[in-house]
């Protein structure tokens, strides 16, 4: 079963959802997502274009997920 890790990022008043990884990309399981998501997101934020944004929340979702701002 596909697992998707989604981060909700905010920069001042603007917030958006971004897919951090999926089990197809990284082999993440639902259990690993629930336990290690914050560590993975912190690393992803530090290395990517969103390093000035702050993490509002995150969610681990079963299956493919399309962020609301990309629908």
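Numbering (my numbering), first residue to last: 111 to 181.
Backbone N, C-alpha and C fix where the C-beta goes; we use that ideal spot for every residue, glycine too.
- Straight-line CA distance for residue 134 to residue 174? Residue mapping note: residue 134 aligns to position 24 of the chain shown, counting from 1. Residue mapping note: residue 174 aligns to position 64 of the chain shown, counting from 1. C-alpha of residue 134 to C-alpha of residue 174: approximately 10 Å in a straight line.
### Message
Restricting to Cα atoms, I'd like to know which of 115, 120 and 164 is closest to residue 136.
### Response
Here the question's residue 136 lines up with position 26 in the chain shown. The shortest CA-to-CA distance from residue 136 to any of 115, 120 and 164 is the one to 115.
Discussion item. Extract the residue ranges of the alpha helix (DSSP H) inside the stretch 118-169, only unbroken runs of 4 or more that lie entirely within it.
Written reply: Runs found: 133-136 and 140-157.
Only counting the same chain, and skipping five residues up and downstream in sequence, which positions put a Cβ closer than 6 Å to that of residue 92? With the chain running from 111 to 181 in the structure shown, residue 92 is simply not present.
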